[in-house]
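2 protein chains.
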Amino acid sequence: LLSESNARLGAARKLTSSRGRREAGRFLAEGPQAVREALRHRPGVVIELYATPAAAERHGDLIALAEHAGLTVDEISPKSAGALSETVHPQGLVAVCRTLTRSLVDVIADGPRLVAALVDANDPGNAGTILRTADAAGADAVVFAGDSVDPYNGKCVRATAGSLFHLDVVVVDDPKELFANNLLSLATSGLGAVELDDLDLSVPSLWLFGNEAHGLPAAVLEAADVRVRVPIYGHAESLNLASAAAICLYASARAHRFNSAGPEGPA
Amino acid sequence: LLSESNARLGAARKLTSSRGRREAGRFLAEGPQAVREALRHRPGVVIELYATPAAAERHGDLIALAEHAGLTVDEISPKSAGALSETVHPQGLVAVCRTLTRSLVDVIADGPRLVAALVDANDPGNAGTILRTADAAGADAVVFAGDSVDPYNGKCVRATAGSLFHLDVVVVDDPKELFANNLLSLATSGLGAVELDDLDLSVPSLWLFGNEAHGLPAAVLEAADVRVRVPIYGHAESLNLASAAAICLYASARAHRFNSAGPEGPA
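Structure (structure tokens):
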């Protein structure tokens with residue numbers, strides 16, 4: 084067992100804070116699902132892997148996968164695993180990963196068809212859930228803009244359920260940068276003039292989702308090509324942010340699918 | 084200010100436990116949004132209303148609305164308000180409400196077009212979010228079946244954002260009861276044989292959503308008319324329960340809308 088005073092383990096513990104992650108350019112991915120997706124989808128992204136003896140035994144396949152990738156797996160105590168965890172029930176398996184962030188310019192140069200951007204979204208669970216949904220909908224990238232939560236926050240990483248390693252992650256300080264491209268920008272708003280089902284979503288699109296309580300900033304609403312309203316059929320005042328994002332992103336996925344492989348064949 | 088040892092206040096405090104709610108047939112609705120929707124949409128459902136002096140001042144409109152409905156608003160200390168709250172930041176405004184549960188037989192007799200059922204869903208935040216989405220999608224009722232969370236759990240009530248008062252709430256112990264009706268029953272499953280976009284959703288439907296980790300029980304999957312898969316376009320293994328529910332319920336809402344008021348006119 085690695086001692087609690089081990090220097091590498093001490094450096095890993097610092098990654099539970101936003102500042103520690105920023106200074107090191109590294110973050111923690113906890114649990115078998117996150118570790119598996121990191122090892123499978125992102126060669127080289129896992130730098131260190133820590134496991135309690137129980138977790139190492141339970142997840143022999145992952146330990147083998149890690150060793151095959153040239154990693155040495157360090158065994159740690161449950162107490163040390165708890166100190167690396169942001170969950171109530173630590174899973175005993177934690178990877179130190181390089182941050183994956185790409186620049187928006189590079190991502191746009193690749194010609195993405197579907198991008199989701201969070202502007203000032205500050206709930207890490209919601210942000211991670213939206214990233215997971217964006218992955219399921221086939222999005223190429225998720226942008227964390229303005230005062231949004233750190234994508235490498237432990238709660239956010241956990242809510243992505245491994246999807247963080249499946250698509251491009253971008254961090255942008257000034258939301259204005261979101262509009263310097265050819266994507267159709269779609270700002271979600273309960274007061275949007277265009278209803279979701281009336282949109283042509285077959286073109287490459289950038290969805291903009293705002294803060295859980297306050298929505299999108301006025302400047303972002305104005306800068307977007309379209310202000311879109313998800314229709315409300317009952318008496319609800321609004322939708323939860325992650326639910327609205329799921330409806331919008333899947334509307335795009337459906338349009339892309341039926342436009343490129345529908346009855347008329349590829350567009 | 085009402086004393087902390089006041090008998091009514093003591094009875095209200097017991098409603099923070101599932102057992103207390105069951106025994107009294109009452110529950111707590113906290114915060115201005117829940118209280119407003121209860122007073123507006125469900126005459127007679129609010130039995131008592133408690134407010135801190137600060138909350139009473141901040142929400143004078145609600146106090147007036149309550150008094151207009153014949154209620155006496157009791158002022159309580161912030162400490163008493165905290166004891167009635169299940170949130171980290173108590174909002175100082177709490178209503179004691181009659182539980183709203185209807186029987187499934189009565190709900191079905193009304194001829195609903197869209198019903199959502201949770202089977203063994205045990206995360207109160209997810210359950211409340213799905214109820215809120217069901218309301219937005221125009222659903223007539225939400226059923227809490229099997230080992231699902233208590234719909235009147237404080238965290239669930241909060242996540243509904245007032246929607247709990249907008250539609251019918253049903254509790255069913257045995258999920259078998261869900262199938263004794265003419266609704267098209269749609270079981271969500273990552274392994275479902277039919278893809279969401281290939282379904283005809285224009286008929287009255289019952290959506291079935293399972294447990295966050297284990298999905299729907301085998302018996303429910305078998306009993307349903309159709310096993311439905313939400314397509315995954317990227318590399319995500321699955322969708323978050325509430326996100327999947329949002330996509331499915333809005334697919335139904337869209338089908339109902341375009342079938343009853345589309346270009347061809349009412350069906």
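Residue numbers (this note's numbering), protein chains in the order written: chain A, 84 to 350; chain B, 84 to 350. All residues carry an ideal CB built from backbone N, CA and C; glycine is no exception. Predicted model, so just to flag it, every value in this text is computed and none were measured.
Check this for me: beta carbons of residue i and residue j, under 7 Å apart or not?
i	j	result
A:LEU98	A:LEU111	yes
B:ALA117	B:GLY245	yes
B:ASP208	B:ALA263	Correcting the residue type first, residue 208 of chain B is Gly in the shown sequence and not Asp. Not in contact: B:GLY208 and B:ALA263 (Cβ atoms no closer than 7 Å).
B:ALA199	B:VAL171	no
A:LEU289	A:LEU304	no
A:VAL128	A:CYS180	yes
A:ARG196	A:HIS339	yes
B:VAL177	B:GLU87	no
B:SER335	B:LEU284	yes
A:VAL70	A:ASP251	As shown, chain A starts at 84 and ends at 350. That puts residue 70 of chain A outside it, with no answer to give.
A:VAL240	A:LEU247	yes
B:LEU84	B:GLU150	no
A:LEU291	A:ALA307	yes
B:ILE213	B:ALA328	yes
A:VAL311	A:LEU322	no
A:GLU295	A:LYS238	no
B:SER231	B:ASP203	yes
B:GLY165	B:ALA138	no
B:THR135	B:PRO161	yes
B:THR182	B:GLY108	yes
A:LEU201	A:PHE227	yes
Can you tell me where the alpha helix (DSSP H) with residue i in it begins and where it stops?
i	result
A:ARG191	According to the sequence provided, residue 191 of chain A is Ile. The question's Arg does not apply to it. Unbroken alpha helix (DSSP H) run through A:ILE191: 187-192.
A:ARG141	136-141
B:ASP218	207-219
A:VAL253	Taken as a continuous stretch (DSSP letters only), A:VAL253 belongs to no alpha helix (DSSP H), being part of the beta strand (DSSP E) at 251-255.
A:ALA224	Here A:ALA224 belongs to no alpha helix (DSSP H); instead the beta strand (DSSP E) covers 224-228.
B:VAL179	From DSSP, B:VAL179 is part of no alpha helix (DSSP H) but of the beta strand (DSSP E) over 176-181.
B:GLU305	301-306
B:SER163	161-166
B:ARG91	90-96
B:VAL309	No alpha helix (DSSP H) contains B:VAL309, which is instead part of the beta strand (DSSP E) from 309-312.
B:VAL240	237-242
How is the beta strand (DSSP E) around residue i delimited, first residue to last?
i	result
A:ALA319	It is not in any beta strand (DSSP E) - A:ALA319 carries neither H nor E in the DSSP assignment.
B:LEU197	197-202
B:ALA112	109-113
B:SER268	267-271
A:VAL156	156-158
A:SER288	288-292
Would you please verify whether the beta carbon of residue i is less than 7 Å from any beta carbon of chain B?
i	result
A:TYR333	yes
A:LEU274	no
A:ALA338	no
A:GLY317	yes
A:ARG215	yes
A:GLU278	no
A:ALA95	no
A:ALA350	Reliability fails at A:ALA350, whose pLDDT of 36 lies under 50, so the model's placement of it is uncertain and no value is given.
A:HIS249	yes
A:PRO346	For A:PRO346, the pLDDT reaches just 42, beneath the cut-off of 50, and the residue's location in the model is therefore unreliable, leaving the point undetermined.
Which chain B residues are close to residue i, counting only those with a beta carbon under 9 Å from its beta carbon?
i	result
A:HIS146	A small correction: the amino acid at residue 146 of chain A is Ile; His does not occupy that position in the sequence shown. Near A:ILE146 there are no residues of chain B at all, since even the closest Cβ is about 20 Å away, more than 9 Å.
A:ALA325	THR212, ASN323, ALA325, SER326, ALA329
A:GLY245	HIS318, ALA319, GLU320
Counting contacts by CB-CB distance shorter than 7 Å, is residue i in contact with chain A?
i	result
B:HIS297	no
B:GLY127	no
B:HIS142	no
B:ASN342	no
B:ARG102	no
B:GLU87	no
Which chain A residues sit within Cβ distance under 7 Å of residue i?
i	result
B:ARG196	Residues of chain A passing the Cβ test: none, with the nearest at roughly 10 Å.
Going along chain A in order, which residues have a C-beta closer than 9 Å to the C-beta of residue i?
i	result
B:ASP218	ILE315, TYR316, GLY317, HIS318, ALA319
B:HIS124	HIS318
So which residues on chain B does residue i lean against when the C-beta distance must stay under 7 Å?
i	result
A:GLY221	TYR316, GLY317
Q) Looking at C-beta atoms only, is the number of pairs between the region 311-322 of chain A and the region 210-220 of chain B that lie closer than 8 Å three or more? A) yes
Q. Are three or more beta carbon pairs between the region 186-195 of chain B and the region 276-291 of chain A nearer than 8 Å?
A. These segments do not touch.
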